[in-house]
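Working notes for the structure below.
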Amino acid sequence: MTIHTDRDLVLLSRQGSKEAFGELIERYQALMARIALRMVGAPDAAQDLVQEAMLQAYLSLQDLQKIDSFRSWLYGIVLNVSKGYLREQKRRSRFDFALDDEAPGDLPGGADQDPQQIAVERELHRLVLAAIDDLPPAHREAARLYYYDSLTLHEVAAITGASPGAIKVRLHRARGVLREKLRQVYPEIAPRFEPNGYQGRRKNMIQVNVVDITKRDDKFIVILQAEEEERILPIWIGPAEGTAIAMGLRAHPTSRPQTFDFMAHLLATLGATLEEARIEVLKEDVFYGTAKIKLGDQVKEVDTRPSDVLALAIRTGSPIYVTDEVMEQAARPPAGWESEIGPFAPGEGVEVILKEFEEQRKKMVERKEGEEKKE
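Numbering-wise (our numbering), the sequence shown opens with residue 1015 and increments by one.
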């Protein structure tokens, strides 16, 4: 049985294949139903809205410009149809209060509320939406879907095509930006106590160095340590990434460029730089990182696994930062780490890993030479 991509099915549907369009709808019908039900809260109405969205999608399929984005486009149709239904229901049931004359139907407000409170809530609502609009596109979409449209994490991931982990990072970053923007207007929401000596974003970051990579029972652990304190931060990573970091720490020679060497050379060729490697979130025992890339006057932030951005940062000489929050959650004194894992001597683990790597490489060369002689 041939499995078609969305692109294939869209092209076939545009050529008149009802079977192809039916396969597209069957693929996303469950998601459409969840979105509509979450929006309107009534199963019968949600089913009707899904049918209406299907019809609109079929009639306007020729207008879809980015055929690789069918899922997001279909989601938008379901969302708009559901919002239209809600607006119509509110229009039918709403009294003509003077305070509601200039307000969108979905804003807070009612006859039994204080007029000043209504005005404050509407202004806050406007500020939040304006702040969301200023976010980078990926973070803006995640924030709107999760907070404004009340979708679950997995529904947002399904719609955007990103992993749930990536969505968590985007939402975390979006919350930070929104918090800072709203503090400018509502200072009372700021934390009561602020750390001294930091300004802006940097107040939450601690610079660290990779001091070792250790191997325990086929598991690799990268050890980060703050520059001005003894606390260490252990992060479990994969064998390939652990070996890559160890090779970068010692500038270990290879017969040809490895993956992260190629990435570093590619950035240099393009005139781009890795300005920072950051580890920003620890959620359910999983660390999430960010690579801050600068190209000309533009700065982009890319979600990444900590192991990947650490391997790249070591090769580019870029600074590495960890948030205060992550350090508080997972950092520990060296003595505590030694009681759990064993003696901690920075650099020893790297040497062990590189020695094993060279032994394995030598065995592979000898095996290959032996096979060639047999031929």
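We treat Cβ as the ideally placed atom computed from N, Cα and C, and that holds for glycine.
Subject >> Residue environment, E1385, which counts as buried when at least 16 other CB atoms sit within 10 Å >> reply: Locating residue 1385 in the sequence shown gives position 371, where the first residue counts as 1. Its Cβ having fewer than 16 others within 10 Å, E1385 is exposed.
Subject >> Rounded straight-line distance, which links the Cα of K1387 to that of S1177 >> reply: Taking the first residue of the sequence shown as position 1, residue 1177 is located at position 163. Taking the first residue of the sequence shown as position 1, residue 1387 is located at position 373. Cα to Cα, S1177 sits roughly 47 angstroms from K1387.
Original post:
Is the beta carbon of I1173 sitting closer than 9 angstroms to the one on Y1099?
Top reply: Taking the sequence shown and counting its residues from 1, the one referred to as residue 1173 is at position 159. Taking the sequence shown and counting its residues from 1, the one referred to as residue 1099 is at position 85. Result no, Cβ atoms of I1173 and Y1099 do not sit closer than 9 angstroms.
Original post:
Buried or exposed: P1347, going by 16 or more other Cβ atoms within 10 Å of its Cβ?
Top reply: Residue numbering aside, residue 1347 sits at position 333 when the sequence shown is read from its first letter. Label assigned to P1347: exposed.
Original post:
Applying the criterion that 16 or more other CB atoms from any shown protein chain within 10 Å of the CB defines a buried residue, is A1157 buried or exposed?
Top reply: Along the sequence shown, one-based indexing puts residue 1157 at 143. So A1157 ends up on the buried side.
Subject >> From G1179, Q1221, A1144, residue whose alpha carbon lies closest to that of L1192 >> reply: Position 178 of the sequence shown, counted from the start, is the residue given in the question as residue 1192. Checked all of G1179, Q1221, A1144; the closest Cα to L1192 is A1144.
Original post:
From P1057 to L1045, what does the alpha carbon distance come to, in whole angstroms?
Top reply: Residue numbering aside, residue 1057 sits at position 43 when the sequence shown is read from its first letter. Residue numbering aside, residue 1045 sits at position 31 when the sequence shown is read from its first letter. Distance between the alpha carbons of P1057 and L1045: 14 angstroms.
**OP:** Could you tell me how far apart the beta carbons of R1245 and A1345 are, in whole angstroms, since I believe they sit closer than 8 angstroms?
**Re:** Within the sequence shown, residue 1245 is the residue found at index 231, counting from 1. Within the sequence shown, residue 1345 is the residue found at index 331, counting from 1. Rounded, the Cβ-Cβ distance is 4 angstroms, consistent with contact.
Original post:
How long is the line joining the alpha carbons of L1281 and V1364, rounded to whole angstroms?
Top reply: On the sequence shown, residue 1281 is found 267 positions in, with the first residue counted as 1. On the sequence shown, residue 1364 is found 350 positions in, with the first residue counted as 1. One C-alpha to the other measures close to 26 angstroms.
Original post:
Taking Cβ positions, are I1259 and I1307 nearer each other than 9 angstroms?
Top reply: Position 245 of the sequence shown, counting from 1, holds the residue named residue 1259. Position 293 of the sequence shown, counting from 1, holds the residue named residue 1307. Not in contact: I1259 and I1307 (Cβ atoms no closer than 9 angstroms).
Original post:
CA-CA distance, V1313 and R1189?
Top reply: The sequence position of residue 1313 within the sequence shown is 299, counting from 1. The sequence position of residue 1189 within the sequence shown is 175, counting from 1. Computed Cα separation, rounded: 20 angstroms.
Original post:
Excluding the five sequence neighbours on either side, which residues of its own chain have a C-beta within less than 8 angstroms of the C-beta of D1299, listed in chain order?
Top reply: Walking along the sequence shown from the start, residue 1299 turns up at place 285. Nothing listed; no residue qualifies.
Subject >> Residue range of the alpha helix (DSSP H) that includes G1256 >> reply: For the purposes of this step, residue 1256 is taken as residue 242 along the sequence shown, with counting starting at 1. Note, G1256: alpha helix (DSSP H), 1253 to 1263.
Original post:
Can at least three beta-carbon pairs, one atom from the stretch 1266 to 1276 and one from the stretch 1284 to 1291, be found at a separation below 8 angstroms?
Top reply: no
Subject >> Anticipated Cβ contact below 8 angstroms, E1294 with V1222, distance rounded >> reply: Counting from 1 along the sequence shown, the entry for residue 1294 is found at position 280. Counting from 1 along the sequence shown, the entry for residue 1222 is found at position 208. Not really, about 13 angstroms apart at Cβ, beyond 8 angstroms.
Original post:
Where do the N-terminal and C-terminal ends of the alpha helix (DSSP H) with A1240 fall, by residue?
Top reply: Within the sequence shown, the letter at position 226 stands for residue 1240. Counting along the chain, A1240 falls outside any alpha helix (DSSP H), though it belongs to the beta strand (DSSP E) covering 1233 to 1240.
Original post:
By Cβ distance, which residues of its chain are closer than 7 angstroms to L1054, with the 5 residues on each side in sequence left out?
Top reply: Counted from its first residue, the sequence shown places residue 1054 at position 40. Sequence check: residue 1054 is Val here, not Leu. Excluding residues within five positions, the ones whose Cβ falls inside 7 angstroms are A1060, L1063, S1096, Y1099, L1100.
Subject >> Beta-carbon proximity of V1366 to K1229, cut-off 9 angstroms >> reply: Here residue 1366 refers to the residue found at position 352 of the sequence shown. Here residue 1229 refers to the residue found at position 215 of the sequence shown. For V1366 and K1229, yes; Cβs fall inside 9 angstroms.
Subject >> beta strand (DSSP E) segment containing D1226, residue limits >> reply: Looking up residue 1226 in the sequence shown gives position 212. Here the beta strand (DSSP E) through D1226 covers 1219 to 1230.
Subject >> Rounded C-alpha distance that separates G1211 from Q1103 >> reply: In the sequence shown, the residue the question calls residue 1211 occupies position 197. In the sequence shown, the residue the question calls residue 1103 occupies position 89. Low confidence applies here, because G1211 scores a pLDDT of 37, under 50, leaving its location unreliable and the question unanswered by this model.
Subject >> Burial state of P1320 (16 or more Cβ within 10 Å) >> reply: Your numbering for residue 1320 matches position 306 in the sequence shown. Under this definition P1320 is a buried residue.
Subject >> For L1309, the first and last residue of its enclosing beta strand (DSSP E) >> reply: Numbered from its first residue, the sequence shown carries residue 1309 at position 295. Counting along the chain, the beta strand (DSSP E) containing L1309 begins and ends at 1300 to 1309.
**OP:** For R1375, collect the residues of the same chain with a Cβ closer than 8 angstroms to its Cβ; drop the 5 residues on either side in sequence, then sort them by chain order.
**Re:** For the purposes of this step, residue 1375 is identified with residue 361 of the sequence shown, where counting begins at 1. Excluding residues within five positions, none has a Cβ falling inside 8 angstroms.
Original post:
For the beta strand (DSSP E) that contains Q1079, what are its first and last residues?
Top reply: For this step, residue 1079 is matched to residue 65 along the sequence shown. Q1079 -> no beta strand (DSSP E), and no H or E assigned at all.
Original post:
If you scan the stretch 1335 to 1387 from start to end, which runs of the alpha helix (DSSP H) of 4 or more residues do you find wholly inside it?
Top reply: 1338 to 1344, 1348 to 1354
Original post:
Looking at C-alpha atoms only, which residue of Q1065, A1265, I1235 is the closest neighbour of P1253?
Top reply: Residue numbering aside, residue 1253 sits at position 239 when the sequence shown is read from its first letter. Minimum Cα distance to P1253 is reached at I1235.
**OP:** May I ask you to report which of helix, strand or coil DSSP gives P1248?
**Re:** Looking up residue 1248 in the sequence shown gives position 234. P1248: strand per DSSP, three-state reduction.
**OP:** Please report the residue range of the alpha helix (DSSP H) in which S1324 lies.
**Re:** Position 310 of the sequence shown, counted from the first residue, corresponds to residue 1324. It should be noted that the sequence gives Leu, not Ser, for residue 1324. Its alpha helix (DSSP H) spans residues 1320 to 1330.
Original post:
Comparing the CB of P1271 with every heavy atom of the ligand SAH, is any distance shorter than 8 angstroms?
Top reply: Summarising the ligand content, the structure contains no ligands, and the ligand SAH is consequently not present.
**OP:** Within its chain, find whatever has a CB closer than 7 angstroms to the CB of A1152; leave out the 5 residues flanking it on each side and keep chain order.
**Re:** As a working note, residue 1152 is residue 138 in the sequence shown. The answer, listed in chain order, is R1184.
**OP:** Quick one: measure Cβ to Cβ for I1091 and L1025, integer angstroms, because I've assumed they're closer than 8 angstroms.
**Re:** As a working note, residue 1091 is residue 77 in the sequence shown. As a working note, residue 1025 is residue 11 in the sequence shown. The pair is not a contact, with the Cβ atoms about 19 angstroms apart (cut-off 8 angstroms).
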